[in-house]
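Chemist: Can you read through this structure? Questions will come right after.
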């Protein structure tokens, strides 16, 4: 391998220890990313609601309150996120906070619109868990790569990854596990197990694709 490196002309190769400068996303790119990311997540939420599955973190708590008390999912999700904005205000860049608030508001709106635009009909519960987990993972990945989140545990996971080097997927998985344990009090075991499958798929998607330093744009 060394001979191939050494044979390259000095002015045509960058040092191995020096990464290329990061490219900044434009405002239009950020706006489109927030819309695409939240749209994918809203579709996953629609699939989960159809099969009475749930996610983790604040989203999972919102599902539990929606199923148990018939509260509006979008409104509950938005309200439960409010305390986490204090962490973002004190420790995160203002641009991150603004984009996160916009993303949460978009998701709250899209979770109301999507079920009215799509008739899910019949879907196998396992398929809903698997595809829902993938949609959630890709949606979160889009948001994370544009320096945004969906508030709640997402803010905490993003902050810990940026400041402590902890994997966002690992933090998310720990909190998801806690919410899923609480779900055993209100949901049948088969639905909880399918929710676990969805959470694993979500977090594997993040762990594999969201690593510090891998994505250069910001």
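In the numbering used here, the protein residues as written are 164 to 381. Where a beta carbon is used, it is the ideal one built from N, C-alpha and C, also for glycine.
1. Can you tell me where the alpha helix (DSSP H) with residue 372 in it begins and where it stops?
2. Near residue 224, which residues of its chain fall below 7 Å by C-beta distance, leaving aside the five closest residues on each side in sequence?
3. What would DSSP say about residue 311, mapped onto helix, strand or coil?
4. Please report the straight-line C-alpha distance between residue 326 and residue 334, rounded to a whole angstrom.
5. Could you spell out where the alpha helix (DSSP H) holding residue 212 opens and where it closes?
6. DSSP three-state label for residue 281, please.
7. For residue 178 and residue 186, what's the separation of their Cα atoms in angstroms?
8. Using only the alpha-carbon positions, how far apart do residue 303 and residue 312 sit?
9. Does the Cβ of residue 310 have 16 or more other Cβ atoms within 10 Å, making it buried, or fewer, making it exposed?
10. Please look up how many angstroms separate the CB atoms of residue 221 and residue 314, rounded, as I've assumed it's under 8 Å.
11. Excluding five sequence neighbours on each side, which residues of the same chain lie with their C-beta closer than 7 Å to the C-beta of residue 205?
12. Give the DSSP-derived three-state secondary structure of residue 235 in the structure shown.
13. Determine the burial state of residue 339: buried for a count of at least 16 other Cβ atoms within 10 Å of its Cβ, exposed for fewer.
14. Tell me the DSSP secondary structure of residue 288 in three-state form.
15. On the three-state DSSP scale, how would you describe residue 322?
16. Going by C-alpha to C-alpha distance, which of 300, 366, 331, 245 sits closest to residue 199?
17. Have a look at residue 328 and residue 373 and give me their C-alpha separation to the nearest angstrom.
18. With H, G and I counted as helix, E and B as strand and the rest as coil, what does DSSP make of residue 253?
19. In whole angstroms, what is the alpha-carbon distance linking residue 218 and residue 362?
Modeler: In short, the structure shows the following:
1. 352 to 372
2. 243, 342
3. coil
4. 13 Å
5. Counting along the chain, residue 212 sits inside the alpha helix (DSSP H) bounded by residues 190 to 213.
6. For residue 281, the secondary structure class from DSSP, reduced to helix, strand or coil, is coil.
7. Bear in mind that a pLDDT of 45 at residue 178, under 50, signals an unreliable position, so the model cannot answer this.
8. So the alpha carbons of these two residues sit roughly 7 Å apart.
9. buried
10. 7 Å
11. 270, 273, 274, 277
12. coil
13. buried
14. In this structure, residue 288 counts as helix in the three-state DSSP scheme.
15. helix
16. 300
17. Those two C-alpha atoms are separated by around 12 Å.
18. helix
19. 6 Å
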